[in-house]
Amino acid sequence: MTRGTVYVMLILVCLAAGAALWMGRETGDKSNADPLRLVDWSTVEQVACERLNGTRWEMRREGERWMLSSPSVAEGRSVAANDEIRLHIFGVLQDTVPLQSVATQDLDLAEWGIAPPDLRLTLKDAGGSWTIDFGKADVNQEVYYRIADGGTCFKTDRSTLEELWREPRWLRDPHLCDVPLHRVTYLRFRPRNREGFDLEKVGLKWMVRRGDEPARRGDYVLCEQVVNGLSGMRGDPPPPDAVPEIPSGKPAYRVEVRDQDGSEHAFSVLLVDDENHRIVAKRDDEPDVRFVPGSFRRFLDYEAKDLEDPVFIGFDARDLSSIELKGPGRPGVLHLKKTGGRWLLAIGPEFLWAVDVDAFRKLRDALLGMRVESRLAEVADFEPDVTAVFQLSENTQAPPVYVEFSKPDAEGRRFARRSDEDGGVLLPRIANHVLETPYWALLSRHVAAGLDASIDKIAIRDREGVERTVVRTGEKSWRLESVTREGRPIADPKGREVAAEFLQGLLVKLTYFQVLEFAGPPDAATKASFEKPLYVVRWHHPEAKRRIPADSPWVQDLKVVEIGRRIDDTRYACRINTFPNLIFYISGEDLNRIEDALRGMK
861 MTRGTVYVML ILVCLAAGAA LWMGRETGDK SNADPLRLVD WSTVEQVACE RLNGTRWEMR
921 REGERWMLSS PSVAEGRSVA ANDEIRLHIF GVLQDTVPLQ SVATQDLDLA EWGIAPPDLR
981 LTLKDAGGSW TIDFGKADVN QEVYYRIADG GTCFKTDRST LEELWREPRW LRDPHLCDVP
1041 LHRVTYLRFR PRNREGFDLE KVGLKWMVRR GDEPARRGDY VLCEQVVNGL SGMRGDPPPP
1101 DAVPEIPSGK PAYRVEVRDQ DGSEHAFSVL LVDDENHRIV AKRDDEPDVR FVPGSFRRFL
1161 DYEAKDLEDP VFIGFDARDL SSIELKGPGR PGVLHLKKTG GRWLLAIGPE FLWAVDVDAF
1221 RKLRDALLGM RVESRLAEVA DFEPDVTAVF QLSENTQAPP VYVEFSKPDA EGRRFARRSD
1281 EDGGVLLPRI ANHVLETPYW ALLSRHVAAG LDASIDKIAI RDREGVERTV VRTGEKSWRL
1341 ESVTREGRPI ADPKGREVAA EFLQGLLVKL TYFQVLEFAG PPDAATKASF EKPLYVVRWH
1401 HPEAKRRIPA DSPWVQDLKV VEIGRRIDDT RYACRINTFP NLIFYISGED LNRIEDALRG
1461 MK
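If you read the sequence shown in this note's numbering, its first letter stands for residue 861, the second for the next number, and so on.
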């Protein structure tokens, strides 16, 4: 063995011995260790503090919350602890660095207030319990601390540990209600000098009630702010000599809150001190008053009428899955469905048609945003002129809401009532144009027939009654299948191939058919023109059976467009079998594509 190897082995032995001694010091002899280093602060679940003057308090973890108990807090019952102060105490103790350490036998324990201790702190973590004694501060505001009956004392700055000497009333949660906003289901507000109100959360809505009147839907955002402001009031205990004189009799304001579990919390506002920008309030379960910042003052000024929603329907558009308008007071049924994130117009039980996005949004926003002219405790029975049905999405777990509208009165106003609310409202005449919107005003101007590849048969009938039919034989190849008049063959197609370029323009139009304008039901002249139309275009695609309504006069496996009379130099009247009683206009360019395709078939 070489000399170098011997030196290396000796060094390793020394390191191992030193590590063993250090570990033995840390794990074996804890009476001389810094007690604040022994605590596992991440697992602390209980803290108790007892001072020489008899003041005691205890904090313990209960689930996700820390609770405080003390004979002088809330009449001895456990209450929510002040998390800000608790975290500050934990942080300061964890970060405390001793200024020096002294053997216990070399220190006058009585003079430094360690025996008996001026303050004894007991902590419980995952590893067990720790009892730490703190002494009195000297003229330099320095204190000694040690583990109970430990052999070493450690000096530190008392100012960093000031929170330990606080009165227990400062350690409780400063909120006047021990319930967060998302758990509040009911709030009662009673001012001394005016009418109060009740707020109750029903599903996704806040309902406002005053006196014996029916509950009315509240402005959701404003109600949330008021509930959050009143239930979230917080304040600190004032100095004993700073409490102003409190008027006798009823409190200025009374607030009662109920949470999801049915627990009730209540406090009273005893005095509003506008001069000093503060509010004096007191919890029912606490003997002392609190000073609440004056910034909460504005929440005390709200009245029920301020909280009622001025919008009659007011659903969030994102929560809706269906809107239906029907009744004798409008031109037919307007039924809109949300499918795959898109809104479509439902025609019959199966057929869905794309909507014009801008027109739909205007109608939806005007319908949901109808503003109330006045509210009525009762609405006399009336025959509904228009009924609106709103189906909410499944995740809301809410039933459909029916809204009935009366006929317009002499001034054009309508009475209305909802199935989910008591009472009714009077709506201004501006609501009429929304309720009377015809379904064709929402139709998309693009008549989509599917992709090119999905169309496998096209038939065009000209004004002479001759119909030519081509069928797809490949991706870009077509064959003339028949030439007929009134269903009888008049020529032998002989399997003639048709050049794809003659049909390509027509296919593009069939796939993305541009409507200039929806004209509504046809007039007599236009209706007569369809008895002998200029052209009839029929095509087949795999989705046709699903898209054509059962009561359509055309065969189920075809989609049909009829070109009627010429309206002017740029427009031609047209109708499609999915809307047999609705006329829309197409351009001369569309007509040219039909004629080009027809020439290619000859």
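All C-beta atoms, glycine included, are put in the ideal place defined by N, C-alpha and C.
Treat the numbers as computed from the prediction; the structure is a model and nothing was measured.
Bounds of the alpha helix (DSSP H) holding K1165 are A1164 to L1167. Comparing alpha-carbon positions, the option among V1081, G1056 and G1063 lying closest to R1069 turns out to be G1056. Per the DSSP secondary-structure output, E1264 pairs in a beta bridge with T1247 and R1277. By the C-beta density criterion, H1125 is buried, having at least 16 other C-beta atoms within 10 angstroms. About 6 Å separates the Cβ atoms of L1090 and L1047, confirming a contact at the 8 Å cut-off.
In the three-state DSSP reduction, V904 falls in the coil class, being neither helix nor strand. Annotated three-state conformation of H1137 is coil, per DSSP. Linking K1198 to I1207 through their CA atoms gives a straight-line distance of about 14 Å.
Per DSSP, the beta-bridge partners of M1067 are E1060 and R1077.
Between Y1162 and V1249, the C-beta spacing is not below 8 Å. Taking F1172 as reference, the option from S1279, G1380 and D1429 with the minimal CA-CA separation is S1279. T1012 is the residue among T1012, G987, R921 and R937 whose C-alpha sits nearest the C-alpha of I974. T1386: not part of any beta strand (DSSP E); member of the alpha helix (DSSP H) spanning A1384 to S1389, first to last residue. Sorting D1241, G1325 and G988 by C-alpha distance to the C-alpha of R1348 places G1325 at the top. From the listed residues V1129, T1344, V1358 and T915, the smallest Cα separation to S930 is found for T915. L1160 and V1129 do touch by the CB rule: their CB atoms are close to 7 Å apart, below 8 Å. The C-beta distance from M1230 to A1291 rounds to 5 Å, short enough to meet the 8 Å contact threshold. For A893, same chain residues with a beta-carbon under 6 Å away, outside a window of 5 residues either side, do not exist. Secondary structure at M919: strand, using DSSP grouped into helix, strand and coil. With 16 or more other Cβ atoms inside 10 Å of its own Cβ, A1433 counts as buried.
Inclusion of L1286 and L1236 in the CB contact set at 8 Å is warranted, their separation being smaller than that value.
Excluding its 5 nearest sequence neighbours in each direction, D1144 has C-beta neighbours in its own chain below 7 Å: A1126 and F1127, listed in chain order.
DSSP places G1154 in the helix class (H, G or I) of the three-state scheme.
When secondary structure is reduced to three states using DSSP, N1441 falls in the strand class. Between the stretch 902-909 and the stretch 982-998 there are three or more inter-stretch CB-CB distances shorter than 8 Å, so the stretches are counted as touching. Contact annotation: V1149 and P1100 have beta-carbon atoms that are not nearer than 8 Å.
Per DSSP, the continuous alpha helix (DSSP H) segment holding E1455 begins and ends at G1448 to M1461. In the displayed model, R1052 falls within coil according to three-state DSSP, outside both helix and strand.
Its Cα nearest to that of G1201, the residue S1182 stands out among V1062, G1192 and S1182. Residues of the same chain with a CB within less than 6 Å of the CB of I1423, apart from the 5 flanking positions on each side, are P1393, L1394, Y1395, Y1432 and C1434 in chain order. The beta carbon of N1088 sits closer than 8 Å to the beta carbons of L1041 from its chain, once the five residues preceding and following it are set aside; these are given in chain order.
The alpha-carbon of D1352 is positioned some 21 Å away from that of D1316. Minimum Cα-Cα distance from I1007 among the listed residues L1363, T1430 and L898 corresponds to L898.
With a 10 Å radius around the Cβ and a threshold of 16 neighbouring Cβ atoms, I1350 comes out exposed. When DSSP states are grouped into helix, strand and coil, S1182 belongs to the strand group.
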